[in-house]
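Numbering (this note's numbering), first residue to last: 252 to 450.
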């Protein structure tokens with residue numbers, strides 16, 4: 252399904268394939284040979300989603316572009332099922348496995364691998380050719396890799412990345428009722444979306 256959002260429409264290369272069960276919303280640009288499979292959602296809120304050539308976005312993946320943090324995916328990339336790429340840069344030939352999450356301001360370097368359920372934290376850079384193991388977290392620039400059982404070691408590195416300001420535009424400690432009131436208003440912009448018939 253193609254949706255016009257904030258007056259911007261998806262742009263799909265004629266050789267690309269988008270499943271009828273996928274959603275492209277707003278300023279989403281797909282390059283030559285891109286494949287977007289069933290249930291995937293590519294949504295450009297007040298930013299953009301841009302994908303290079305011969306990239307595959309698998310079932311139920313989510314790519315979200317935001318103002319100041321577009322979702323930019325290079326060429327020859329695999330975005331696995333249930334992966335989450337939010338306002339991040341995925342360079343060429345990257346493998347983003349099932350359930351991996353990449354947060355705003357993050358960069359996954361060329362030929363890096365984000366294995367199943369791994370996390371590349373906000374404002375962090377995974378260098379080219381780096382493997383982020385199953386379930387591990389990468390934080391910082393260049394990213395340090397943390398196993399899931401090292402929460403105490405991860406916490407100080409994570410605090411420096413300023414997730415609340417990067418993602419929500421608020422200081423750490425802002426009450427959830429304040430954050431969610433803003434988020435409700437932000438996503439309320441979808442009330443005026445319009446389904447379009449052609450790319």
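Ideal placement from N, C-alpha and C gives every residue a C-beta, glycine not left out. In this text, all values refer to a predicted model and were calculated from it rather than measured experimentally.
Item                                                                                                                                           : Value
Ranges of the beta strand (DSSP E) found wholly within the stretch 260–293, counting only runs of at least 3                                   : 274–276, 279–281
Sufficient close CB pairs (3 or more, under 8 angstroms) joining the stretch 420–429 to the stretch 343–357                                    : no
Host beta strand (DSSP E) of residue 428 (start-end)                                                                                           : That residue, residue 428, is in no beta strand (DSSP E); its alpha helix (DSSP H) goes 427–438.
Among 266, 296, 283, 284, nearest to residue 274 - alpha-carbon criterion                                                                      : 296
Supposed close pair residue 327, residue 310 - CB separation, criterion 8 angstroms                                                            : Going by Cβ atoms, the distance from residue 327 to residue 310 rounds to 19 angstroms, so no, they are not a contact pair.
Other residues of its chain near residue 256: CB distance less than 6 angstroms, five sequence neighbours each side excluded                   : 276, 277, 444
Beta-carbon proximity check, residue 373 vs residue 360, cutoff 7 angstroms                                                                    : no
Strand pairing of residue 445, partner residues [DSSP]                                                                                         : 255
For residue 323, the first and last residue of its enclosing beta strand (DSSP E)                                                              : 322–324
Assigned secondary structure, residue 340 (DSSP; H/G/I helix, E/B strand, else coil)                                                           : strand
The beta strand (DSSP E) enclosing residue 389, as first and last residue numbers                                                              : 388–390
Contacts around residue 393, its chain only, beta-carbon distance under 6 angstroms, and the 5 residues preceding and following it disregarded : 376, 378
Cβ-Cβ separation, residue 269 to residue 287 (assumed contact under 8 angstroms), whole Å                                                      : 5 angstroms
Residue 397 - containing beta strand (DSSP E), residue span                                                                                    : 395–397
Coarse secondary structure for residue 296, derived from DSSP in three states                                                                  : coil
Residue(s) in a DSSP beta bridge with residue 347                                                                                              : 330, 365
Proximal residues to residue 314 (C-beta, below 6 angstroms), its chain only, five neighbours per side dropped                                 : 293, 300, 322, 336
Residue 416: first and last residue of the uninterrupted beta strand (DSSP E) it sits in                                                       : Run containing residue 416: none in the beta strand (DSSP E); it sits in the alpha helix (DSSP H), 414–419.
Residue 369 and residue 381 closer than 7 angstroms at C-beta                                                                                  : no
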